[in-house]
Amino acid sequence: MSNTNTSDNTPHYDVVIIGAGPAGSTTATYLARKNMKVLLLDSARFPRNKICGDGLPPRGVAAVDRLGVLDQVSAAGQHIDYFKLIAPSGKTMVSSIKEAAIEKKNAHMLAIPRMVLDDILVKHAVATGAELIEGCKVVGIEDNPDGVVVKGIAGREPQEFHAKYAVIATGASMGLLKNLGFLDKNDMPKPIIAARAYFENADHDSSVFNFHFNEVTLPGYGWVFPLKDNKVNVGVGIMPGKSIQKHNIKSLFYDFAKRPYMKQVLSGATQLAEVQSYPIRTDFLTATVYRHRSLLVGEAAGLGNALTGEGIDYAIESGEIAAEHLSEILANGDNPDKLANYALALDQKYAAIFNFSNRMAARGLNSVMLNCTIWVAAKRDSLRMSLTNIVLGLQEPPANISTGKVLMKVFKHLRRK
Ligand SMILES: Cc1cc2nc3c(=O)[nH]c(=O)nc-3n(C[C@H](O)[C@H](O)[C@H](O)COP(=O)(O)OP(=O)(O)OC[C@H]3O[C@@H](n4cnc5c(N)ncnc54)[C@H](O)[C@@H]3O)c2cc1C
Numbered sequence: 143m144s145n146t147n148t149s150d151n152t153p154h155y156d157v158v159i160i161g162a163g164p165a166g167s168t169t170a171t172y173l174a175r176k177n178m179k180v181l182l183l184d185s186a187r188f189p190r191n192k193i194c195g196d197g198l199p200p201r202g203v204a205a206v207d208r209l210g211v212l213d214q215v216s217a218a219g220q221h222i223d224y225f226k227l228i229a230p231s232g233k234t235m236v237s238s239i240k241e242a243a244i245e246k247k248n249a250h251m252l253a254i255p256r257m258v259l260d261d262i263l264v265k266h267a268v269a270t271g272a273e274l275i276e277g278c279k280v281v282g283i284e285d286n287p288d289g290v291v292v293k294g295i296a297g298r299e300p301q302e303f304h305a306k307y308a309v310i311a312t313g314a315s316m317g318l319l320k321n322l323g324f325l326d327k328n329d330m331p332k333p334i335i336a337a338r339a340y341f342e343n344a345d346h347d348s349s350v351f352n353f354h355f356n357e358v359t360l361p362g363y364g365w366v367f368p369l370k371d372n373k374v375n376v377g378v379g380i381m382p383g384k385s386i387q388k389h390n391i392k393s394l395f396y397d398f399a400k401r402p403y404m405k406q407v408l409s410g411a412t413q414l415a416e417v418q419s420y421p422i423r424t425d426f427l428t429a430t431v432y433r434h435r436s437l438l439v440g441e442a443a444g445l446g447n448a449l450t451g452e453g454i455d456y457a458i459e460s461g462e463i464a465a466e467h468l469s470e471i472l473a474n475g476d477n478p479d480k481l482a483n484y485a486l487a488l489d490q491k492y493a494a495i496f497n498f499s500n501r502m503a504a505r506g507l508n509s510v511m512l513n514c515t516i517w518v519a520a521k522r523d524s525l526r527m528s529l530t531n532i533v534l535g536l537q538e539p540p541a542n543i544s545t546g547k548v549l550m551k552v553f554k555h556l557r558r559k
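The sequence shown begins at 143 in the numbering used here and counts up by one.
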């Protein structure tokens with residue numbers, strides 16, 4: 143669309159996107175499809191490492207399908223059909239994702255190293271028409287009446303990029319958002335902290351994703367995602383608060399790996415690299431998602447699920463929504479006040495999920511609740527199906543639910559035949 147240069151010959155873009163993870167690359171792809179002049183900036187160089195469980199939930203599979211890269215992602219990823227929940231007591235519930243899913247299309251998971259997934263997504267954005275500059279760390283955004291000036295550093299050289307809008311897709315890295323006033327330095331979000339490592343030749347069924355509440359410190363969880371080539375991604379996460387202050391996430395990881403279940407899984411396995419950790423922001427409900435001519439997507443908007451730690455699907459979906467709103471605004475008179483509609487659209491899509499997940503993560507990740515729920519779900523198909531749909535994001539969770547109401551619902555399932 144816009145192809146002008148400023149008076150000092152700096153290129154002028156419709157949109158500059160900061161961060162080329164799933165949220166940024168998706169926003170870039172959808173905007174480029176609408177012929178917008180788009181610049182993607184990332185401090186890293188691709189393919190780059192991103193600490194993650196590497197699990198792409200079914201709605202993430204559907205989102206990469208809409209993007210047009212499902213074939214590539216499927217070819218590089220491990221297809222997962224089963225979801226296994228393990229209670230603190232050790233009781234397990236196994237669910238077929240296809241059988242449980244309300245929406246049958248793309249009703250499976252994929253596990254794909256982020257080094258590979260994010261490279262596919264960023265290359266797709268470039269192939270669609272976005273420009274990419276790697277190795278450029280953005281340090282500021284200046285607002286002016288009809289646009290933004292994005293300030294970065296590449297090598298030691300300061301850089302400036304002019305655009306009508308900026309999209310901030312910097313994930314859980316909070317420095318830029320703090321500098322820009324999106325986050326209050328005296329009241330910063332308290333993220334989940336999670337750690338993962340890769341292993342080869344583990345004793346794990348490659349069609350199953352394990353979600354562990356046994357042998358981990360609660361409130362928290364562990365996981366095993368099978369990957370291609372006989373590899374697995376093993377990790378633990380712990381909720382914010384006292385528990386993480388008392389523990390070091392890497393020692394929690396090693397505790398999990400040494401306990402009987404995982405010890406057996408990993409007995410003949412080789413660890414491929416050191417354990418790495420990173421935060422997961424889950425504060426969408428209180429996050430500011432736009433201001434002036436900047437808007438936030440993905441985990442920069444707090445879109446990480448407190449109950450499951452997932453965020454790749456929301457990153458891609460929010461990129462789609464952001465691109466839809468920005469292209470609408472740019473095609474119809476460029477009124478930045480209309481960014482309020484983007485915030486509304488995110489609320490409509492995510493408020494119920496985040497209300498439920500935040501509440502359950504804060505109050506429901508205890509032995510009593512988890513043991514009861516998983517014990518009943520293992521016996522009753524109806525509960526197993528709804529649990530699978532809710533955890534995998536395929537069904538809207540019940541509104542305004544408390545842990546007490548959840549337990550009542552669980553026992554109602556037990557009374558059913
Ligand atoms: C241990 C762990 C396990 C997880 N497991 C899963 C899982 O199994 N499934 C799932 O769905 N989600 C999982 N998540 C969450 C998921 O990783 C994130 O929600 C997802 O990566 C968010 O995507 P994003 O595009 O918003 O941000 P990111 O993927 O974090 O991308 C942000 C990009 O911005 C760049 N950047 C940051 N700051 C700047 C700057 N100032 N200037 C320029 N570039 C910048 C970074 O280099 C990066 O490339 C996990 C997270 C962790 C930590």
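C-beta: ideal position from N, C-alpha, C; glycine also.
Three or more Cβ pairs drawn from the segment 487-499 and the segment 457-465 lie within less than 8 Å of each other, which places the two stretches in contact. For the pair V510 and V552, the CB atoms are not nearer than the 9 Å cut-off. Secondary structure of P402 (DSSP, three-state): helix. Straight-line measurement puts the Cα of I160 at about 17 Å from the Cα of P189. Taking every protein chain shown into account, the CB of K373 has 16 or more other CB atoms within 10 angstroms, so this residue is buried. Counting along the chain, H154 sits inside the beta strand (DSSP E) bounded by residues H154 to I160. In terms of Cβ geometry, Y224 and V350 form a close pair [threshold 9 Å]. Judged by the Cβ position, A311 qualifies as a neighbour of ligand 1 at the 8 Å threshold, a heavy atom of the ligand being closer than this. For N343, the secondary structure class from DSSP, reduced to helix, strand or coil, is coil.
M330 is the residue among M330, T412, A253 and H434 whose C-alpha sits nearest the C-alpha of G383. Under the three-state reduction of DSSP output, G440 falls in the helix class.
Pairing A243 with M235 gives a Cβ-Cβ distance that is not under 9 Å. Taking the Cβ of E416 as the reference point, every heavy atom of ligand 1 lies at 8 Å or farther away. C-alpha of A339 to C-alpha of N375: approximately 6 Å in a straight line.
Runs of the alpha helix (DSSP H) lying entirely within the segment 268-325 and spanning at least 4 residues, in chain order: 317-321. Setting aside the 5 residues that flank it on each side, D288 has no residue in the same chain whose C-beta is closer than 6 Å to its C-beta. The Cβ neighbour count for P333, taken over all protein chains shown within 10 Å, is at least 16; the residue is labelled buried.
Contact check between the segment 299-308 and the segment 204-211: fewer than three CB pairs, one atom from each, fall below 8 Å, which does not count as touching. Distance check between A443 and each of I310, H467, L525 and N343 places I310 closest, using alpha-carbon atoms only. Annotated three-state conformation of A253 is strand, per DSSP.
When distances are taken from the beta-carbon of I422 to the heavy atoms of ligand 1, the shortest one is below 8 Å. At least one heavy atom of ligand 1 lies closer than 8 Å to the C-beta of Y456. Judged by pairs of C-beta atoms under 8 Å, the segment 270-278 touches the segment 181-195, as three or more such pairs exist. An exposed status is given to D213, since fewer than 16 other beta-carbon atoms sit within 10 Å of its beta-carbon.
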